[in-house]
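Chains as they are written, first to last, in our numbering: chain A, 1 to 229; chain B, 1001 to 1247. Where is the CB? At the ideal position from N, CA and C, for every residue including glycine.
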């Protein structure tokens, strides 16, 4: 795990210096939390049946990650070493509970579908990992960039997987506030005399694993340095 | 004065301050969002009650659709006496409105049935009365609940709708899917307990039972148990209604 310590840099660096940009872009590709580090897989598999669930889940994780990284980074000189894991956990748990309550109040249907997985953000290894490996040793600004980078790295995989699964599994696309939009005409389906049928396997959990696998495959065949022996 | 970041005193002080701050923030969030969440829960309950009698509606329309079908809401005691009744639009602030009885809370309280009152929704569908009974029980990981609608003869199941808090996705969680609840339609209750059973896979089902969910045995058993226990409580009321209509 690369722990860069920016506090030893003598001169003040700009927010979008090369190093900081790296924090933002690396997790999108070559150190993606899902496809390279294989963290946060549980939720990535479970809630990618519909695009709208993935959107809400990604936003929730982004919010929790950015706030947690920022808070831990601000408190990094105050947190006693012996209880730092507990402190991180309390911060994450509190943020997740807030997200859960807000979803229950404003997005009840999606909150129901995400059910336990919102609560499970607490145990999402990506968040805890970034707090421990990065925010504890870095200033607030780079920590926020790191959180955005990793959060987006998680989000795009989720969005791609759920897009593929929903389009082939339900023949539709759903976005929060829009509901599910079916764009294939009903008479294309076998049930009404057509030739097309939704692939039910796509909705089932194993296909999430396969789709993530395909993403990993494409990524590693494009950049062979990522292949481990 | 330099503070020893790793001293015991400092560690304790830090924890105490942290807990107080986090606690306050969470309590504030919870309290300020409570009214909206309550409204959502009530809407969902109406959607589910209508779902049990085969009417599909949405959260947004629940408030207006509900009174169209649910003609009367009763609360009864365990001896079958009617305690309260209400009609028309649901009044969420009126605690005597049977709609506001919290059966989940009553179930958790473990009080004997004689101390509790039970809601019953009399709905009108296809020009006959359908009786919707809320059921609550325990699944594998947490509470399960639902609504069972009985036909006007009070022994044929007209429809059912189940839900759960945290059953295993893909297994026990499927009790909320229509493929499961549709099996209940047209089944009949027995004359005596067990009024209805959920059967573990492979064995023959009859008119008094349905096939449980494979891999969700404990959840399925929970569904059977909650129906059986609840019907037992409502039985005296149903008998009194049948007797009075025969006279």
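Pairwise C-alpha distance: residue j and residue i
i, j, result
"residue 1121 of chain B", "residue 149 of chain A", "52 Å"
"residue 1170 of chain B", "residue 1004 of chain B", "52 Å"
"residue 80 of chain A", "residue 1014 of chain B", "8 Å"
"residue 1168 of chain B", "residue 68 of chain A", "29 Å"
"residue 1088 of chain B", "residue 1068 of chain B", "8 Å"
"residue 48 of chain A", "residue 165 of chain A", "7 Å"
"residue 209 of chain A", "residue 60 of chain A", "22 Å"
"residue 1156 of chain B", "residue 1189 of chain B", "6 Å"
"residue 45 of chain A", "residue 205 of chain A", "6 Å"
"residue 137 of chain A", "residue 73 of chain A", "7 Å"
"residue 254 of chain A", "residue 1020 of chain B", "The shown model of chain A, from 1 to 229, leaves out residue 254 of chain A, and the question about it has no answer."
"residue 1203 of chain B", "residue 179 of chain A", "41 Å"
"residue 991 of chain B", "residue 1052 of chain B", "Here chain B comprises residues numbered 1001 to 1247, so residue 991 of chain B is not present and cannot be evaluated."
"residue 14 of chain A", "residue 142 of chain A", "10 Å"
"residue 1098 of chain B", "residue 43 of chain A", "39 Å"
"residue 213 of chain A", "residue 58 of chain A", "20 Å"
"residue 65 of chain A", "residue 147 of chain A", "6 Å"
"residue 1128 of chain B", "residue 1193 of chain B", "27 Å"
"residue 1223 of chain B", "residue 1007 of chain B", "54 Å"
"residue 1001 of chain B", "residue 1017 of chain B", "The predicted model places residue 1001 of chain B with a pLDDT of 49, which falls under 50 and marks its position as unreliable, so this point remains unresolved."
"residue 211 of chain A", "residue 85 of chain A", "33 Å"
Where the beta strand (DSSP E) through residue i begins and ends
i, result
"residue 1079 of chain B", "Per DSSP, residue 1079 of chain B belongs to no beta strand (DSSP E) and is neither H nor E."
"residue 1127 of chain B", "Unbroken run through residue 1127 of chain B: none, as it is neither H nor E."
"residue 1210 of chain B", "1209-1211"
"residue 1148 of chain B", "1143-1150"
"residue 1195 of chain B", "It is not in any beta strand (DSSP E) - residue 1195 of chain B carries neither H nor E in the DSSP assignment."
"residue 1162 of chain B", "1157-1164"
"residue 172 of chain A", "172-175"
"residue 213 of chain A", "Here residue 213 of chain A belongs to no beta strand (DSSP E); instead the alpha helix (DSSP H) covers 205-222."
"residue 1215 of chain B", "It is not in any beta strand (DSSP E) - residue 1215 of chain B carries neither H nor E in the DSSP assignment."
"residue 1105 of chain B", "Per DSSP, residue 1105 of chain B belongs to no beta strand (DSSP E); it is in the alpha helix (DSSP H), 1103-1109."
Own chain, CB closer than 7 Å to residue i, minus 5 neighbours either side, in chain order
i, result
"residue 1070 of chain B", "1049, 1121, 1123"
"residue 1146 of chain B", "1135, 1160, 1161, 1162, 1163"
"residue 171 of chain A", "182, 184, 198"
"residue 18 of chain A", "none"
"residue 1225 of chain B", "1137"
N-terminal and C-terminal residue of the alpha helix (DSSP H) that residue i is part of
i, result
"residue 110 of chain A", "108-114"
"residue 156 of chain A", "140-169"
"residue 1011 of chain B", "1008-1052"
"residue 230 of chain A", "Lying before the first or after the last residue shown, residue 230 of chain A is absent from chain A, which here runs from 1 to 229."
"residue 1091 of chain B", "Looking at the DSSP string, residue 1091 of chain B is not in any alpha helix (DSSP H), and its letter there is neither H nor E."
"residue 191 of chain A", "Here residue 191 of chain A belongs to no alpha helix (DSSP H), and DSSP marks it neither H nor E."
"residue 52 of chain A", "51-74"
"residue 129 of chain A", "125-133"
Exposure label - residue i; buried when at least 16 CB within 10 Å
i, result
"residue 1040 of chain B", "buried"
"residue 5 of chain A", "Annotation note: pLDDT 48 at residue 5 of chain A (below 50); position unreliable, no value reported."
"residue 218 of chain A", "exposed"
"residue 188 of chain A", "exposed"
"residue 1066 of chain B", "buried"
"residue 1030 of chain B", "exposed"
"residue 154 of chain A", "buried"
"residue 1027 of chain B", "exposed"
"residue 186 of chain A", "exposed"
"residue 1182 of chain B", "exposed"
"residue 1058 of chain B", "exposed"
"residue 101 of chain A", "buried"
"residue 2 of chain A", "Interpretation of residue 2 of chain A is limited by its pLDDT of 44, a score under 50 that renders its predicted location unreliable; the figure taken from the coordinates is listed afterwards. Classification of residue 2 of chain A: exposed, given that the 10 Å Cβ count is below 16."
"residue 1045 of chain B", "buried"
"residue 145 of chain A", "buried"
"residue 82 of chain A", "exposed"
Of the listed residues the options, nearest to residue i (C-alpha basis)
i, options, result
"residue 1208 of chain B", "B/1022, B/1221, B/1186", "B/1186"
"residue 1144 of chain B", "B/1019, B/1161, B/1097, B/1151", "B/1161"
"residue 1011 of chain B", "A/77, A/19, A/180", "A/77"
"residue 1152 of chain B", "B/1231, B/1182, B/1131", "B/1131"
"residue 197 of chain A", "A/216, A/220, A/169", "A/169"
"residue 173 of chain A", "A/29, A/51, A/62", "A/51"
"residue 1191 of chain B", "B/1180, B/1232, B/1007, B/1184", "B/1232"
"residue 75 of chain A", "A/31, A/134, A/126, A/26", "A/134"
"residue 1047 of chain B", "B/1061, B/1036, B/1085", "B/1061"
"residue 130 of chain A", "A/161, A/192, A/89, A/227", "A/89"
"residue 1125 of chain B", "B/1109, B/1177, B/1112, B/1149", "B/1149"
"residue 1077 of chain B", "B/1106, B/1091, B/1025", "B/1106"
Nonlocal neighbours in the same chain, by C-beta distance under 6 Å from residue i, ignoring five residues either side
i, result
"residue 122 of chain A", "92, 93, 96"
"residue 1166 of chain B", "1141, 1142"
"residue 1172 of chain B", "1139, 1140, 1216, 1219"
"residue 194 of chain A", "187, 188"
"residue 1103 of chain B", "1134, 1136"
Own chain, CB closer than 8 Å to residue i, minus 5 neighbours either side, in chain order
i, result
"residue 1101 of chain B", "1075, 1117, 1118, 1119"
"residue 1199 of chain B", "1205, 1209, 1210, 1211, 1212"
"residue 56 of chain A", "103, 107, 110, 114, 176"
"residue 156 of chain A", "28"
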